[in-house]
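All remarks here apply to the structure that follows.
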Amino acid sequence: MKKLSRSSAPSWKYSPEYYDISKRTLDIGLEKVAAYRTWKHLDPGPSYDVESRFTALPALTKKDIRENFPYGMLPYDCDLGQGIRNGEVTLVETSGTTDDRVTNIWNQKWWDASEAASWQLNSCVSQVATGSHNEAILSNPINVGIISDETDLPMENRRLARFLYLNEKTDPVAWTPAIMERMIQELNTFRPAVLEANPSYLARLCRYVNNRREIVFQPGVVVFTYEYASHLYVRQIRQVFPNVPMVSSYGTTETGYVFMQCEKGKLHQNSKYSRVDFQPFQREHGGPFLGRILVTPLDNQWSYLLRFDTGDIVQLEASGKCDCGRNLGLILSSVNGRRANLTLTCEGRLVTLHELDSALSVLQGIEEYELVQTGAGVYDLRLVSQRPDKEKLSQDATRMLKALYGGQAEVSITYRAAIAPEPSGKYLLSRALFPIELDKYLA
Ligand SMILES: [Zn+2]
Numbered sequence: 133m134k135k136l137s138r139s140s141a142p143s144w145k146y147s148p149e150y151y152d153i154s155k156r157t158l159d160i161g162l163e164k165v166a167a168y169r170t171w172k173h174l175d176p177g178p179s180y181d182v183e184s185r186f187t188a189l190p191a192l193t194k195k196d197i198r199e200n201f202p203y204g205m206l207p208y209d210c211d212l213g214q215g216i217r218n219g220e221v222t223l224v225e226t227s228g229t230t231d232d233r234v235t236n237i238w239n240q241k242w243w244d245a246s247e248a249a250s251w252q253l254n255s256c257v258s259q260v261a262t263g264s265h266n267e268a269i270l271s272n273p274i275n276v277g278i279i280s281d282e283t284d285l286p287m288e289n290r291r292l293a294r295f296l297y298l299n300e301k302t303d304p305v306a307w308t309p310a311i312m313e314r315m316i317q318e319l320n321t322f323r324p325a326v327l328e329a330n331p332s333y334l335a336r337l338c339r340y341v342n343n344r345r346e347i348v349f350q351p352g353v354v355v356f357t358y359e360y361a362s363h364l365y366v367r368q369i370r371q372v373f374p375n376v377p378m379v380s381s382y383g384t385t386e387t388g389y390v391f392m393q394c395e396k397g398k399l400h401q402n403s404k405y406s407r408v409d410f411q412p413f414q415r416e417h418g419g420p421f422l423g424r425i426l427v428t429p430l431d432n433q434w435s436y437l438l439r440f441d442t443g444d445i446v447q448l449e450a451s452g453k454c455d456c457g458r459n460l461g462l463i464l465s466s467v468n469g470r471r472a473n474l475t476l477t478c479e480g481r482l483v484t485l486h487e488l489d490s491a492l493s494v495l496q497g498i499e500e501y502e503l504v505q506t507g508a509g510v511y512d513l514r515l516v517s518q519r520p521d522k523e524k525l526s527q528d529a530t531r532m533l534k535a536l537y538g539g540q541a542e543v544s545i546t547y548r549a550a551i552a553p554e555p556s557g558k559y560l561l562s563r564a565l566f567p568i569e570l571d572k573y574l575a
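In case it helps, my numbering puts the sequence shown at residues 133 to 575.
Laid out in structure tokens, this is it:
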């Protein structure tokens with residue numbers, strides 16, 4: 133079988149099924165799905181190995197999905213109406229701004245299977261997550277759960293099967309002490325095996341708990357989803373749950389569960405249900421181990437997303453190994469945030485949220501932060517802090533940002549009572565107010 137190119141990355145191992153299902157998904161996509169009509173001539177063809185064939189194709193964007201949805205995203209012989217009528221699939225809209233928002237064909241059975249497979253990538257999670265376990269979820273109801281901003285919903289109205297949604301408010305900044313007391317009480321009575329949370333939301337609750345020295349039920353495991361888990365948040369959460377394993381799970385509504393952090397701290401690809409193509413950045417921007425990922429969901433007859441650009445930036449584990457012994461699929465040392473989080477140094481080098489967050493994490497006494505790059509070399513850092521010595525804190529933060537972005541960086545520090553999430557319900561933490569065309573930075 134012919135190959136088109138060789139990669140400098142470690143040679144990752146996959147099961148034979150991974151290649152078979154990748155090939156089947158690719159063949160059906162190119163043969164039967166209208167969205168890829170213009171891609172067909174780029175495919176070098178079946179005499180080449182499946183890796184070369186995927187690599188030759190462009191990335192699929194949310195815009196592509198919107199323009200082709202629903203029938204142009206499905207094989208022409210697939211009967212969507214029938215699938216909806218017999219309850220196999222439903223249509224769901226993802227949250228986000230108009231540019232971000234996308235409608236998806238939701239296949240619950242596949243989603244559950246993808247989630248259950250991801251649990252096996254962490255021994256703490258696989259022990260407590262049985263599929264019938266109690267799970268409390270602390271996130272924005274825009275993303276999951278039931279929205280009720282005006283009225284406080286009693287616990288029974290926030291229960292669904294084995295889940296308890298702790299929060300029904302779209303703005304966590306508006307949580308009253310009574311709401312947070314209620315969350316603590318409910319954790320103590322519901323006693324979840326798994327507490328799944330946006331790290332920013334759980335950190336907000338934990339700051340309240342820390343200030344009052346309250347006792348909170350300790351779940352079997354805390355799983356972070358939806359957002360990058362800032363060092364700052366993890367520190368605040370760790371104070372409340374000192375011995376509970378904390379795990380990051382990465383995925384999207386479009387692609388299911390793609391990466392799970394193992395008990396040794398690395399992230400493993402959920403390779404039974406997702407194919408991941410890695411595109412490294414240029415060396416001067418962190419390559420060859422830092423780059424973006426393109427995800428192809430596998431084995432879902434209602435989804436033929438080929439090389440979907442999820443917007444996630446990741447760092448490959450350069451050794452290609454993990455101490456946990458799992459060796460199938462990509463291994464990441466970190467997920468470094470999203471494309472929307474990227475900023476540029478004064479000299480134009482890409483800075484990921486992970487790099488910024490690591491630099492800021494040495495500052496003590498910060499509750500929240502948000503960095504906005506307003507133009508070339510201009511940075512606006514907003515901080516939430518109870519520290520009385522704000523002048524010293526501002527000096528330290530300025531020094532840190534100049535070390536990261538360059539000596540000539542124009543830095544301004546302002547203090548806020550709180551920072552609100554994006555309209556999507558998620559916190560961004562960092563962003564640039566000008567477009568950063570990622571294609572320019574790929575190797
Ligand atoms: Zn591992």
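Even for Gly, the Cβ is constructed at its ideal location relative to N, Cα and C. Fair warning: this is a prediction, and the values are worked out from it, not measured in the lab.
Sub-8 Å separation of residue i and residue j beta-carbons
i	j	result
Thr484	Leu503	no
Val543	Tyr573	no
Pro190	Tyr436	no
Leu334	Ile311	no
His363	Asp528	no
Ser280	Glu267	no
Asn239	Trp434	yes
Trp242	Asn432	yes
Residue i CB to nearest heavy atom of ligand 1 below 7 Å
i	result
Lys301	no
His400	yes
Arg458	yes
Cys394	yes
Cys478	no
Cys256	no
Cys338	no
Cys210	no
Residue i burial status per 10 Å Cβ neighbour count (16 or more: buried)
i	result
Ser147	exposed
Leu565	exposed
Val494	exposed
Met133	exposed
Gln79	Outside the displayed span of the chain (133 to 575) sits residue 79, for which this structure offers no information.
Glu500	buried
Thr506	exposed
Ser466	buried
Asp571	exposed
Asp409	buried
Glu487	buried
Ser380	buried
Asn330	buried
Glu149	exposed
Glu449	buried
Cα-Cα separation between residue i and residue j, rounded to whole angstroms
i	j	result
Asn599	Arg519	In the structure as shown, the chain begins at 133 and stops at 575. Residue 599 is therefore absent and cannot be evaluated.
Glu359	Thr387	16 Å
Lys453	Asn459	7 Å
Thr477	Ala550	27 Å
Gln496	Asp521	11 Å
Leu327	Thr321	13 Å
Ser184	Gly177	9 Å
Leu464	Val390	12 Å
Ala167	Cys210	14 Å
Arg323	Gly423	39 Å
Lys396	Gly457	10 Å
Leu253	Ser403	10 Å
Ala361	Ser179	43 Å
Gly304	Arg336	Here residue 304 is Pro; the residue named in the question, Gly, does not match the sequence. The alpha-carbon atoms of Pro304 and Arg336 are separated by roughly 8 Å.
Arg169	Ile545	50 Å
Arg407	Tyr559	27 Å
Ser246	Thr283	35 Å
Leu561	Asn473	7 Å
Leu430	Tyr405	5 Å
Lys155	Ser143	19 Å
Pro412	Asn200	28 Å
Pro455	Lys164	One detail in the question is off: residue 455 reads as Asp in this sequence, not Pro. Looking at the two C-alpha atoms, the distance is approximately 42 Å.
Ile568	Ala508	11 Å
Met287	Arg294	13 Å
Continuous alpha helix (DSSP H) stretch holding residue i: start and end
i	result
Tyr537	Lys522 to Tyr537
Arg314	Pro309 to Phe322
Arg336	Pro331 to Arg344
Asp159	Pro148 to Lys164
Thr90	Since the first and last residues shown for the chain are 133 and 575, residue 90 lies out of range.
Asn459	First-last for Asn459: undefined, no H or E at that position.
Asp196	Lys194 to Asn200
Gly263	Premise fails: Gly263 is in no alpha helix (DSSP H) and is neither H nor E.
Asp281	From DSSP, Asp281 is part of no alpha helix (DSSP H); its letter is neither H nor E.
Residue range of the beta strand (DSSP E) that includes residue i
i	result
Ile369	Note, Ile369: premise wrong, no beta strand (DSSP E); alpha helix (DSSP H) at His363 to Val372.
Trp434	Careful: Trp434 lies outside any beta strand (DSSP E) and carries neither H nor E.
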